[in-house]
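So the structure is just underneath, and the comments pick up after that.
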Ligand code: NAD
Ligand code: IPM
Ligand code: MN
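In full-length UniProt numbering, the protein residues as written are 1 to 374.
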């Protein structure tokens, strides 16, 4: 198998801390499963501002375009609060999504049974939770024009952002949602605010037409975004795949992350269109940020980063078996009672980032050993 080109961008805050543990899982796969990665590491976000004055160098962008997949940590933090707006750490992530045209951000929210007690929601509501949010990630109000801050004649100012969606942008992300639903529970909920926004009205019309034309076998419902936020907490079991725009998807996925217990558990994949030679470019990252409040304390949960790496293996490298192995190892570690602070509940053993990462490796060892009798 040719080496898979993997660009690793750990970023800021807890990014490098949790990335280290994902890196150890990659080394384990090389050692135990005969997979070879061609890994390049680079600085991004605040770390790149400190070193080079910019959150994303052109050379990093070129490496990202040349890579088979990108494993991303997280960027940002109070240290860079005074950067000019167009040079803040988060620009790196937005430019990568925009310039690589990574338009489908898959954010699964799954309840691991052993974590049911860590959720602030009642167990009967979240048991069996398995929702996939497909968030449009290369358009909408994040990228629309006009934008900016203007000074008016009277000296006061106005800030402007514009939500723009084209038929093509809506169709391509909705197609991802319908295709995913076919492999899951065959239901898509399309979420917008068509009662207020023209971009939402077009969204609903385009999704409806695509459904009738190409996916009549999948069931489709529509929901207003504010109601969806409420329904996600009240009765998450009604959802299978949710497809929505960039900003609503950002909010709804943070909300959905609380259901299984913590932001520290939730991975994501941001995918582009399949290339003519069959590759699926993607950027994989936890949905959490750089967590400045706990950075440097060794307390961060590395599981979202490790699970993001599993998604990378599944979607960009077609290594389903290895992805499933990692996910099973994470479930095994949780079942053994180890908990980082964010998912702690009474009676469990509290550990830090490194012990949690080490436990995943030990679980992987155990799983492989139990498969191949000595
Ligand atoms: P955050 O996700 O960094 O943190 C929110 C809360 O969740 C904090 O209390 C944090 O300690 C906790 N948390 C997050 N990840 C955790 C983990 N792995 N283990 C344990 N606890 C965890 O959000 P924020 O504080 O609003 O943002 C901090 C910075 O991160 C900002 O600069 C923001 O722009 C940036 N950010 C970056 C990304 C990204 O790079 N993908 C995503 C979100 C936020
Ligand atoms: C996320 C983050 C980003 C977003 C920021 C850091 C640009 O919140 O990945 O969810 O808003 O998309
Ligand atoms: Mn977010």
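Note that CB positions come from ideal geometry on N, CA and C, so glycine has one too.
Near ligand 1: residue i beta-carbon under 7 Å from a heavy atom
i           : result
residue 413 : The structure shown has nothing for residue 413, since the chain only spans 1 to 374.
residue 357 : no
residue 77  : yes
residue 18  : yes
residue 294 : yes
residue 270 : no
Candidates the options: closest to residue i by CA position
i           : options            : result
residue 371 : 325, 335, 134, 346 : 325
residue 169 : 197, 206, 191      : 206
residue 244 : 116, 134, 110      : 134
residue 337 : 211, 2, 116        : 116
residue 150 : 142, 159, 143      : 159
residue 162 : 171, 153, 146      : 146
residue 365 : 51, 53, 322, 155   : 322
residue 218 : 225, 209, 224, 226 : 209
residue 251 : 305, 31, 227, 235  : 227
residue 271 : 68, 54, 335, 152   : 68
residue 186 : 157, 240, 136      : 240
residue 38  : 16, 280, 6         : 6
Where the beta strand (DSSP E) containing residue i begins and where it ends
i           : result
residue 336 : Element bounds for residue 336: n/a, residue is neither H nor E.
residue 223 : 219 to 224
residue 189 : 187 to 192
residue 135 : 130 to 136
residue 109 : 104 to 110
Closer than 7 Å: residue i CB and nearest ligand 3 heavy atom
i           : result
residue 254 : yes
residue 250 : yes
residue 160 : no
residue 14  : no
residue 287 : yes
Residue i and residue j closer than 8 Å at C-beta
i           : j           : result
residue 18  : residue 300 : yes
residue 11  : residue 98  : no
residue 309 : residue 25  : yes
residue 257 : residue 109 : yes
residue 267 : residue 197 : no
residue 47  : residue 57  : no
residue 283 : residue 102 : yes
residue 259 : residue 343 : no
residue 128 : residue 237 : yes
residue 140 : residue 247 : yes
residue 290 : residue 13  : yes
N-terminal and C-terminal residue of the alpha helix (DSSP H) that residue i is part of
i           : result
residue 16  : 15 to 33
residue 123 : 123 to 126
residue 244 : First-last for residue 244: 241 to 244, but that is the beta strand (DSSP E), not the alpha helix (DSSP H).
residue 54  : Unbroken run through residue 54: none, as it is neither H nor E.
residue 160 : No alpha helix (DSSP H) contains residue 160, which is instead part of the beta strand (DSSP E) from 157 to 160.
residue 198 : 198 to 214
residue 273 : Run containing residue 273: none; DSSP gives neither H nor E here.
Proximity test, residue i beta-carbon vs ligand 2 heavy atom, cut-off 7 Å
i          : result
residue 11 : no
residue 93 : yes
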